[in-house]
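Visitor: Per the UniProt record's numbering: the sequence shown = residues 1 to 299. Backbone N, C-alpha and C define an ideal beta-carbon position, used for all residues, glycine too. Right, I'll just put the structure down here and ask away after.
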Amino acid sequence: MAQLLDLDQLRTFLAIADSGSFTQAASNIHRTQSAVSMQMRRLEEKIGKPIFTRDGRNVRLSEDGDKLIPFARRMLRLNDETLAAFNDDELSGRVCIGTPDDYAERFLPEILARFARSNPRVEVCVVCDESDELAKRVRAGELDMAIVTHCEDTIDSEVFRREPLFWIAAKHHDTEAADPLPLALGAPSCAWRKTAMATLESIDRPYRLVYSSRNTTALMSTVQAGLAVSVIAESALRPGVKILGPAEGFPPLPMCEIGLLRNWHSSNATIEALAGHVVSALGNMPVPDADEALGVAAE
1 MAQLLDLDQL RTFLAIADSG SFTQAASNIH RTQSAVSMQM RRLEEKIGKP IFTRDGRNVR
61 LSEDGDKLIP FARRMLRLND ETLAAFNDDE LSGRVCIGTP DDYAERFLPE ILARFARSNP
121 RVEVCVVCDE SDELAKRVRA GELDMAIVTH CEDTIDSEVF RREPLFWIAA KHHDTEAADP
181 LPLALGAPSC AWRKTAMATL ESIDRPYRLV YSSRNTTALM STVQAGLAVS VIAESALRPG
241 VKILGPAEGF PPLPMCEIGL LRNWHSSNAT IEALAGHVVS ALGNMPVPDA DEALGVAAE
């Protein structure tokens, strides 16, 4: 008799694949690590092949584990779409969500597409702006929620994702050696801009701001052209840049924290569903480790 795959086991498997570890996956899906391990043993029994390779305490996806990922995603997506098609209590309405443009580019398309497949009657409106401006609009009741950089202006946001922040410069230029250091940074209210300037001032490194923009793509283009140094989150690294560290005279930067800011006065089932989906999906999206990030930057 043919084996039937357990969708719950597949969800756990994808949580491990996306987060990169059993421990983080267990935390993300609110289960014990032993329960996660048991699920994966049972899934391997059904697959009939090892989906993980174990080297001491390190666990990685095997070749068959990598092969399973797209099948697992398709099965779960079809399950969600099927349930949505027969759900008499289908969610509907309009939700307004704000996000900085770089988060909109990197994260939102996949997240919102998945939500739309399960909730076709929900209209999602996206507004792009700086985190501090989004916070004002949430508090004014203009937005239902906003994905923001967690900082002084958004201190009441719920942090659900952390990733390293790096100094970057053009790969084939020595922009970082210029004195004073040319910088391309966000608007005056940008948390990363404040962090970069404060860090340089703490080591008495002279700098000059040569490019300021709210648009992350414009800042990246300036860096790639060899005109300035900037700071960027690990998941936003692009080809043509290199990471600068202590060896080049650049101190480590604090972690980038991403949070969800809520307008609790506009809460309803539809808004709650999107908020939960954003936190779960974005919190589970993989971030390459430092070595992988350097590899991306060196392409």
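First and last residue of the alpha helix (DSSP H) that includes Leu209?
Guide: Careful: Leu209 lies outside any alpha helix (DSSP H), inside the beta strand (DSSP E) at Tyr207 to Ser212.
Visitor: Could you tell me which residues DSSP pairs with Thr53 in its beta bridges?
Guide: Arg60
Visitor: Tell me whether Gly249 is buried or exposed, calling it buried when 16 or more other Cβ atoms sit within 10 Å of its Cβ.
Guide: exposed
Visitor: Which residue or residues does DSSP assign as beta-bridge partners of Arg93?
Guide: First, the amino acid is wrong: residue 93 is Gly here, not Arg. Bridge partners of Gly93: Val122.
Visitor: Specify the secondary structure class of Gly245 as computed by DSSP and reduced to three states.
Guide: coil
Visitor: Comparing C-alpha positions only, which one of Tyr207, Leu43 and Val241 sits nearest to Gln3?
Guide: Leu43
Visitor: Against chain C, does His172 count as a neighbour if the rule is that its beta carbon must be under 8 Å from one of theirs?
Guide: Structure shown: chain C not included; a single protein chain is present.
Visitor: Put Gly283 into one of helix, strand or coil per three-state DSSP.
Guide: Helix.
Visitor: Quick one: grab the DSSP three-state call for residue 385.
Guide: Nothing about residue 385 can be reported from this structure: the residues present for the chain run from 1 to 299 only.
Visitor: Can you tell me the Cβ-Cβ gap for Val124 and Leu274, rounded? I've got them flagged as a contact below 8 Å.
Guide: 7 Å
Visitor: Once you ignore the five residues that flank Ile168 on each side, which residues in its own chain have a CB closer than 8 Å to its CB?
Guide: Val223, Val229, Ser230, Val231, Ile232, Leu237, Val241, Lys242, Ile243, Leu244 and Ala297
Visitor: Determine which residues share a DSSP beta bridge with Pro182 and list them.
Guide: Arg208
Visitor: Expressed to the nearest angstrom, what Euclidean distance is found between the alpha-carbon atoms of Leu143 and Ser19?
Guide: 30 Å
Visitor: Just verifying my parser: in three-state terms, what is the DSSP assignment at Met220?
Guide: helix
Visitor: For Ser280 and Ala177, what's the separation of their Cα atoms in angstroms?
Guide: Straight-line Cα distance between these residues: approximately 41 Å.
Visitor: Whose C-alpha, out of Ala218, Leu108 and Phe13, is nearest the C-alpha of Thr99?
Guide: Leu108
Visitor: Using C-beta distances below 8 Å, list every residue in its chain close to residue 309, excluding the 5 sequence neighbours before and after it, in chain order.
Guide: The requested residue 309 does not occur in the structure, where the chain is confined to residues 1 to 299.
Visitor: Among the candidates Glu201, Ala225, Met255 and Ser221, whose CA atom is the shortest distance from the CA of Ser235?
Guide: For Ser235, the nearest C-alpha among the options comes from Met255.
Visitor: Report yes if the C-beta distance between Leu61 and Phe52 is below 8 Å; otherwise report no.
Guide: Yes, these two residues count as a Cβ contact at 8 Å.
Visitor: Are Gly259 and Asn28 touching if we call contact CB-CB under 8 Å?
Guide: no
Visitor: Any idea which residues DSSP pairs Thr99 with across the strands?
Guide: Cys128
Visitor: Mark Asp66 as exposed unless 16 or more other C-beta atoms lie within 10 angstroms of its C-beta, in which case mark it buried.
Guide: In this structure Asp66 is exposed. Its beta-carbon is surrounded by fewer than 16 other beta-carbon atoms within 10 angstroms.
Visitor: If you follow the beta strand (DSSP E) that Ala140 is in, where does it begin and where does it stop?
Guide: First-last for Ala140: undefined, no H or E at that position.
Visitor: What residue does the beta strand (DSSP E) around Phe160 start on, and which one ends it?
Guide: It spans Glu158 to Glu163 - the beta strand (DSSP E) in which Phe160 sits, taken as one unbroken run.
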